[in-house]
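Novice: The sequence shown begins at 3 in our numbering and counts up one residue at a time. Glycine included, each C-beta is placed from N, C-alpha and C at the ideal position. No experiment lies behind these values; they were computed from the predicted model shown. Below is a structure I'd like to ask you about.
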Amino acid sequence: METLPTTTVSSSKRGRSSKNQSTSNSKPSVIMAFFSCVAWLYVAGRLWQDAENRVIINNMLKKNYDQKPKVLTVDEKLMVLGCKDLERKIVETEMELTLAKSQGYLKNQKSESSSGKKRLLAVIGVYTGFGSRLRRNTFRGSWMPQGDASKKLEERGVVIRFVIGRSPNRGDSLDRKIDEEDRARKDFLILENHEEAQEELPKKVKFFFSAAVQNWDAEFYIKVDDNIDLDLEGLIGLLESRRGQDASYIGCMKSGEVVTEEGGQWYEPEWWKFGDEKSYFRHAAGSLIILSKNLAQYININSGSLKTYAFDDTSIGSWMIGVQATYIDDNRLCCSSIRQDKVCSVA
3 METLPTTTVS SSKRGRSSKN QSTSNSKPSV IMAFFSCVAW LYVAGRLWQD
53 AENRVIINNM LKKNYDQKPK VLTVDEKLMV LGCKDLERKI VETEMELTLA
103 KSQGYLKNQK SESSSGKKRL LAVIGVYTGF GSRLRRNTFR GSWMPQGDAS
153 KKLEERGVVI RFVIGRSPNR GDSLDRKIDE EDRARKDFLI LENHEEAQEE
203 LPKKVKFFFS AAVQNWDAEF YIKVDDNIDL DLEGLIGLLE SRRGQDASYI
253 GCMKSGEVVT EEGGQWYEPE WWKFGDEKSY FRHAAGSLII LSKNLAQYIN
303 INSGSLKTYA FDDTSIGSWM IGVQATYIDD NRLCCSSIRQ DKVCSVA
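This is the structure we're talking about:
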């Protein structure tokens with residue numbers, strides 16, 4: 003009887019098959035374990051973040067609770083209302099002060115009642131320079147009183163001073179000579195903060211009116227060029243007739259074409275500011291300009307912000323446009339005219 007053939011599987015093959023099967027079964031387990039860790043970390047992170055958010059929210063709620071408006075008592079309400087009323091009064095006072103300044107009033111201004119002295123009629127400032135000693139001596143020998151005559155004139159209420167600044171080289175021989183002449187004559191108003199130079203001439207008028215107002219209490223302040231002779235009695239009579247007229251801007255009024263060509267006489271570097279017609283506004287000629295006290299005070303108060311142009315007469319004219327000045331055109335102050343009754347003439 004024939005036997006059936008048999009298949010014999012070696013033990014080595016069974017071992018390899020079992021090992022492969024166990025390896026295949028372990029892969030899904032590792033993957034599942036990895037995703038489980040990731041999920042656990044995610045959940046833990048969210049829980050931690052939620053805890054931080056709760057802390058932040060609790061702190062904000064506590065802070066808002068601490069800052070909630072409290073109920074004011076009657077006394078506290080009255081205090082708040084009092085502060086508001088005080089603030090309103092401060093604003094009103096500041097507005098009144100601004101208005102007073104614009105009208106030319108100063109806190110420490112000299113007045114007849116406070117100083118006990120009678121107000122002067124006029125302070126006359128005659129422009130001069132370092133090289134003009136001979137001309138000064140000519141004026142002293144003609145229309146400008148000296149010695150006892152000068153004292154009597156001041157008793158009548160008229161003060162006259164030569165007006166000059168300081169040398170660009172402060173303290174040099176030019177300054178020393180002026181100081182020596184002033185000690186001998188005592189007829190200078192030295193502008194310590196002004197540099198005496200041709201290009202600084204338009205600014206000189208600001209320093210003059212400011213210094214004059216600070217040193218003397220007068221009805222009028224007068225700027226005179228250094229080439230002008232004065233008829234003092236005629237000028238005093240003119241001023242007496244105008245005494246008490248506030249905001250007076252007096253002179254030989256004129257206007258004219260603005261010179262736009264550089265290098266030409268009377269050239270105005272800022273000509274483009276005067277409009278398409280290139281014409282100056284109405285202003286007093288620079289030979290002799292008279293301002294009442296409150297206008298001179300206005301210049302003193304605002305000197306730091308007042309704009310100057312190439313010439314002092316147009317500069318003053320531009321300042322007067324911005325205030326309620328009364329323009330007084332008096333032909334007797336036209337120094338180059340042929341009128342017989344004029345009070346000034348070109349020397």
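Mapping the DSSP letters down to three states, classify TYR311 as helix, strand or coil.
Specialist: coil
Novice: Between SER115 and GLU202, what straight-line distance do the alpha-carbon atoms span, to the nearest angstrom?
Specialist: Because SER115 sits at a pLDDT of 40, beneath the cut-off of 50, its placement in the model cannot be relied upon, and the point is left open.
Novice: Is it the case that the Cβ atoms of LEU297 and VAL325 are separated by a distance below 8 Å?
Specialist: yes
Novice: Please return the same chain residues whose Cβ sits closer than 8 Å to the Cβ of ARG158, not counting the five positions on each side in sequence.
Specialist: Excluding residues within five positions, the ones whose Cβ falls inside 8 Å are LEU123, ILE238.
Novice: Return the first residue and the last residue of the beta strand (DSSP E) that TYR223 is part of.
Specialist: Looking at the DSSP string, the run of the beta strand (DSSP E) that includes TYR223 is 220-226.
Novice: Please list, in chain order, all residues of the same chain as TYR129 whose beta carbon is under 6 Å from its beta carbon, the five residues on each side excluded.
Specialist: VAL165, ASP227, ASP228
Novice: Below 8 Å between beta carbons: does that hold for HIS285 and THR316?
Specialist: yes
Novice: State the DSSP-derived secondary structure class of CYS346, mapped to helix, strand or coil.
Specialist: strand
Novice: With which residues is LEU293 paired in a DSSP beta bridge?
Specialist: Looking at the DSSP assignment, LEU293 forms a beta bridge with TYR223, TYR251.
Novice: Over what stretch of residues does the beta strand (DSSP E) that includes ILE180 continue unbroken?
Specialist: Run containing ILE180: none in the beta strand (DSSP E); it sits in the alpha helix (DSSP H), 175-187.
Novice: How about LEU155 and PRO147: do their beta carbons lie closer than 8 Å?
Specialist: yes
Novice: Determine the closest residue to GLY236 out of GLU94, ILE180, ASP332, PHE190, with distance taken between C-alpha atoms.
Specialist: That would be ASP332, whose Cα lies nearest to the Cα of GLY236.
Novice: Does the separation of the CB atoms of TYR223 and GLY258 fall below 8 Å?
Specialist: Not a contact, by the Cβ cut-off of 8 Å.
Novice: If you reduce the DSSP assignment to three classes, tell me which class ASN229 lands in.
Specialist: coil
Novice: Between PHE190 and ASP184, what straight-line distance do the alpha-carbon atoms span, to the nearest angstrom?
Specialist: 6 Å
Novice: If we ignore side chains and look at the alpha-carbon of each, how far apart do GLY127 and ILE323 end up?
Specialist: When rounded, the distance between both Cα atoms is 23 Å.
Novice: Using C-beta distances below 6 Å, list every residue in its chain close to ASP314, excluding the 5 sequence neighbours before and after it, in chain order.
Specialist: PRO204, VAL207, GLY288, listed in sequence order.
Novice: Just to confirm the assignment, what range does the alpha helix (DSSP H) spanning ILE340 have?
Specialist: From DSSP, ILE340 is part of no alpha helix (DSSP H); its letter is neither H nor E.
Novice: Which one of ASN60, ALA349, CYS337 has the shortest CA to CA distance from ILE291?
Specialist: CYS337
Novice: Below 8 Å on the Cβ atoms is my contact criterion, and I expect VAL376 with ASP233 to pass it. Report the Cβ-Cβ distance as a whole number of Å.
Specialist: Outside the shown range of the chain, which is 3 to 349, sits residue 376, and nothing can be said about it.
Novice: My guess is that GLU270 and ALA312 are in contact by the Cβ rule of under 8 Å, so how many angstroms apart are they, rounded?
Specialist: 5 Å
Novice: Whose CA, out of VAL161, PHE37, GLY306, SER31, lies closest to the CA of LYS225?
Specialist: VAL161
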